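Numbering (this note's numbering), first residue to last: 1385 to 1484.
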């Protein structure tokens, strides 16, 4: 993928790369087991971006990632922040990834 704004091409290239961690998240609550770590916060953000780019295809391919994302977003303090935060569309109108 060369960053030309083609969401389909990016989806096709990126989704298979989530397979290894998605497989681990079938057995584990978080990336390193039962305890959350800073990598989980970075990874869940990447999963959110990929959900946007792939129009939900990532969760069809790897349901464990949706379960994981929901689990992280249900953490009490994070959930509270997310409920207060105004959710913005990923990227802006001039970004190539929005196919505009």
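Cβ coordinates follow ideal geometry from the N, Cα and C atoms, glycine included. None of these values were measured; they are calculated from a predicted model.
- Item | Inter-residue Cα distance where the pair is residue 1460 and residue 1467 | 11 Å
- DSSP-derived helix/strand/coil call for residue 1403: helix
- Message: On the CB-based measure, 16 or more other CB atoms within 10 Å of its CB, does residue 1410 come out buried or exposed?
- Response: exposed
- Identity of the residues DSSP links to residue 1414 by a beta bridge: 1417
- Curious, which full-length alpha helix (DSSP H) runs of at least 4 residues does the region 1415 to 1467 contain? 1422 to 1438, 1441 to 1445 and 1447 to 1457
- Pull up the distance between the alpha-carbon of residue 1392 and that of residue 1423, whole angstroms please. 27 Å
- Message: Quick check on the DSSP output: the alpha helix (DSSP H) that includes residue 1396 runs from which residue to which?
- Response: 1391 to 1398
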